[in-house]
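Protein chains: 2
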Amino acid sequence: MSATIKDVAKLAGVSVATVSRVLNDLPGYSEETRIRVMNAVAELRYQPNAIARGLVNKRTQTIGVLFPSVSSAFSSEILHGIEEAAQEQGYSVVVCNTAEDGKRTMKYLQVLREKQVDGIIYSSGVLKEEYHQALQAMAIPVVLVATKSEYADIPYVKVDDHQAAYDACAYLIRRGHRRIAMIGGPAHDVIAGEPRIAGFRAALADHGLPPDEAPVLDGRFIFAGGCEAAEELLRQAPEVTAVFAAGDEMAIGVISTAARLGIAVPAQLSVIGYDNLKLAEMCYPPLTTVAQPLAEMGRLAAAKLIARIETGQPEASEILPHQVMERGTVSTRE
Amino acid sequence: MSATIKDVAKLAGVSVATVSRVLNDLPGYSEETRIRVMNAVAELRYQPNAIARGLVNKRTQTIGVLFPSVSSAFSSEILHGIEEAAQEQGYSVVVCNTAEDGKRTMKYLQVLREKQVDGIIYSSGVLKEEYHQALQAMAIPVVLVATKSEYADIPYVKVDDHQAAYDACAYLIRRGHRRIAMIGGPAHDVIAGEPRIAGFRAALADHGLPPDEAPVLDGRFIFAGGCEAAEELLRQAPEVTAVFAAGDEMAIGVISTAARLGIAVPAQLSVIGYDNLKLAEMCYPPLTTVAQPLAEMGRLAAAKLIARIETGQPEASEILPHQVMERGTVSTRE
DNA sequence: CTGAAAGCGCTTACAG
DNA sequence: CTGAAAGCGCTTACAG
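Protein sequences appear in the order of chains G and W. Under the numbering used here, think of the first position of the first sequence as 37, with each following residue one higher. Under the numbering used here, think of the first position of the second sequence as 37, with each following residue one higher.
In structure tokens, the structure reads:
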């Protein structure tokens with residue numbers, strides 16, 4: 037079918053070893069044979085077989101990426117960053133959608149192992165003990181993005197969730213709000229749930245506001261959850277003037293619900309989100325939110341992973357800066 | 037490092053050929069040896085090396101997917117469908133972000149060839165002659181999704197863009213609108229630009245409305261483009277009561293712009309989008325739009341590709357049904 | 001039912 | 001500077 041290294045060796049009148057040398061820029065051939073080889077390569081439109089190469093090199097130049105949901109706006113942006121950095125370094129990325137399912141995740145880990153990927157990026161979500169064991173057995177580098185773990189050997193790239201939530205709440209307070217509520221994730225979510233709630237409460241406390249009186253509802257990080265939580269909140273605590281939604285989808289849900297209920301944002305209700313997804317700029321008024329540099333996180337995670345693969349040196353975890361993006365959904369109160 | 041087939045053969049006291057047979061469910065071994073082999077496999081936690089297998093089988097169980105932008109909501113949903121179908125059939129998917137760049141696309145094609153992927157899905161965008169040639173040289177199955185081409189050997193999976201645009205416009209007319217504008221893609225875009233504009237005009241004509249008087253602006257399929265086009269439209273043709281935006285992002289842009297200008301949607305201006313992205317339900321009022329079954333398109337494209345890979349039989353192109361999703365952005369006019 | 005051997009398409013000591 | 005040969009981890013006729 038396609039030409040192999042043997043074909044070019046024959047056409048160039050040299051051995052396959054020599055062809056391999058010139059193709060890989062290894063020392064040991066004359067300029068003349070180099071030209072002969074390159075001509076043969078061109079004539080046959082030869083392309084090396086990366087599978088054969090991978091078998092001997094024990095490197096596939098491929099990394100696996102596990103997402104709870106590839107199609108979410110959140111994951112897509114991270115994926116974009118990963119893909120970009122990987123491709124620049126000559127790596128391919130195979131995507132895996134775990135659907136937050138343990139069985140499926142384990143299955144993927146097995147497939148990635150069989151396919152001999154050089155490394156794995158695990159995104160947003162808890163790295164279960166079971167996964168960690170499988171990963172250990174694979175004995176390849178792993179890096180976490182938008183999550184972290186208790187395992188010292190696995191570096192992560194994320195934002196400081198506690199501080200980011202703190203800053204969101206402090207921003208609201210600085211704008212004059214006193215009756216503030218939060219719509220977050222599940223309290224038992226140790227990555228994106230609990231730390232943000234704690235950060236929110238800490239900001240309240242630091243500013244002399246009773247942290248336990250502030251309503252904190254669970255919006256499950258999704259739009260529908262944000263809508264439901266907002267509806268309940270507005271019914272139960274109509275005195276609230278501002279809400280911190282710990283995810284942009286939920287924040288948009290709050291805005292939609294407010295609009296449906298005839299409550300003006302930001303005049304009557306201020307909203308600050310979290311993530312800074314692209315859709316934060318697509319609503320009206322545009323959403324004020326605390327930005328995570330998602331694409332950058334993906335890029336950095338991939339860079340760390342590849343560095344680890346190629347140098348064998350351990351990589352440090354990294355906390356990336358967040359930033360509140362002031363847009364149109366927070367008003368100033370006197 | 038990891039155990040190989042040799043290790044299990046030795047431990048089980050059989051030849052590697054026999055191990056291979058039991059692992060691949062091929063005929064030719066006794067129940068007793070099967071058990072011995074499986075025990076050895078379990079003890080060594082043996083996992084076959086897919087790279088070695090791929091080298092001899094000439095199959096990698098991997099497909100490549102090319103997107104103009106992996107992180108767009110549009111692409112993500114298609115990717116989700118592809119990934120799902122692929123994983124069910126035991127295939128992995130490597131994602132490539134072409135950024136609509138010719139050089140980059142060619143580079144990816146080369147990488148995918150070197151990595152010996154079994155097939156390729158090319159999404160949304162024109163399949164240039166140059167790409168087609170590269171694909172031919174690879175001699176592997178290709179399927180198009182959300183686009184089509186003039187090449188008879190490449191099946192596609194898409195919606196009928198002309199008809200979908202026609203239906204969007206006809207829906208507006210049925211709701212009593214007479215002064216209708218369109219915000220579409222570039223007129224020279226033969227896939228998603230021109231056909232939708234033609235469908236829009238055809239609907240106008242069929243309903244006795246002068247098709248050439250209707251404003252048609254270019255919003256480049258992006259939010260910002262939708263905003264700009266809407267602003268211009270509202271200034272130049274304030275008599276318009278409804279707009280068909282041939283992409284949800286642009287439709288959301290129209291809604292945002294209208295809101296900013298104090299124009300009520302749908303009371304003063306009706307808007308119908310195209311795609312039915314998740315964000316269509318996340319704005320207020322929720323966006324009426326003509327739905328493309330994106331995930332389903334991805335799923336079907338992957339299914340076709342895999343069928344082609346495994347059976348060698350050609351696959352037919354498929355036009356999937358679209359559907360107008362009535363939500364809150366179109367009012368009825370008398 | 002089972003094994004020895006060739007071969008997939010490369011890379012890499014080793015020898016000259 | 002160059003080639004013959006072994007080997008990466010599998011599968012698959014072929015022979016018994």
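Cβ atoms here follow ideal geometry from the backbone N, Cα and C, with glycine treated the same way.
Check: For the structure I just gave you, are there three or more beta carbon pairs, one from the region 214–228 of chain G and one from the region 40–48 of chain W, closer than 8 Å?; Outcome: no
Check: Report the option in G:V326, G:G64, G:S105 and G:I156 whose CA atom is closest to the CA atom of I342 (chain G).; Outcome: G:I156
Check: If you count every other CB in all the chains shown that lies within 10 Å of the CB of T183 (chain G), and 16 or more means buried, which is it?; Outcome: buried
Check: Residues of chain W with a CB under 8 Å from the CB of I291 (chain G): which are they?; Outcome: Y320
Check: How about L62 (chain G) and G100 (chain G): do their beta carbons lie closer than 7 Å?; Outcome: no
Check: Can you tell which of W:P246, W:I291, W:E354 and W:P274 has its C-alpha closest to the C-alpha of S185 (chain W)?; Outcome: W:E354
Check: I want to know whether the region 349–367 of chain W touches the region 311–329 of chain W - three or more CB-CB distances under 8 Å.; Outcome: yes
Check: At 3 residues or longer, what runs of the beta strand (DSSP E) sit wholly inside the region 37–120 of chain G?; Outcome: 98–103
Check: Would a check of beta-carbon distances place F259 (chain G) closer than 7 Å to chain W?; Outcome: yes
Check: Would you grab the beta carbon distance between Y310 (chain G) and A331 (chain G) for me? Rounded to a whole angstrom, and I think it's under 8 Å.; Outcome: Going by Cβ atoms, the distance from Y310 (chain G) to A331 (chain G) rounds to 16 Å, so no, they are not a contact pair.
Check: Using a Cβ distance threshold of 8 Å, determine whether the region 298–317 of chain G contacts the region 72–92 of chain G, with at least three qualifying pairs required.; Outcome: no
Check: Answer yes or no: does any C-beta atom of chain W fall closer than 7 Å to that of K139 (chain G)?; Outcome: no
Check: Please report the distance separating the alpha-carbon of A78 (chain G) from that of S38 (chain G).; Outcome: 13 Å
Check: Using only CA atoms, which one of G:L102, G:A206, G:K194 and G:D284 lies nearest to K143 (chain G)?; Outcome: G:L102
Check: Indicate whether at least one CB of chain G lies closer than 7 Å to the CB of P84 (chain W).; Outcome: yes
Check: Name, in chain order, the residues that DSSP records as bridge partners for C132 (chain G).; Outcome: G:L102
Check: Taking I345 (chain W) as the reference, which of W:P246, W:I209, W:D154 and W:A86 has the closest Cα?; Outcome: W:D154
Check: Can you check which of these residues, W:A170, W:E136 and W:I118, is closest to V162 (chain W) by C-alpha distance?; Outcome: W:E136
Check: Is DSSP giving G244 (chain G) helix, strand or coil here?; Outcome: coil
Check: Locate the alpha helix (DSSP H) running through F259 (chain W), then write down its first and last residues.; Outcome: F259 to Q272
Check: In chain W, which residues lie with their C-beta within 8 Å of the C-beta of L115 (chain G)?; Outcome: V106, S107 and V131
Check: Quick check: the Cα distance between P84 (chain W) and L59 (chain W), rounded to an integer number of angstroms?; Outcome: 9 Å
Check: So if DSSP puts I291 (chain W) in a beta bridge, which residue, or which two residues, is it bridged to?; Outcome: In DSSP, I291 (chain W) forms no bridge with anything.
Check: Going by other Cβ atoms of all chains shown within 10 Å of its Cβ, with 16 needed for buried, is S108 (chain G) buried or exposed?; Outcome: buried
Check: My guess is that A200 (chain W) and G235 (chain W) are in contact by the Cβ rule of under 8 Å, so how many angstroms apart are they, rounded?; Outcome: 7 Å
Check: With three or more C-beta pairs closer than 8 Å as the rule, is the region 241–249 of chain G touching the region 263–278 of chain G?; Outcome: no
Check: Quick check on T324 (chain W): does DSSP put it in helix, strand or coil?; Outcome: strand
Check: For Q125 (chain G) and Q328 (chain W), what's the separation of their Cα atoms in angstroms?; Outcome: 36 Å
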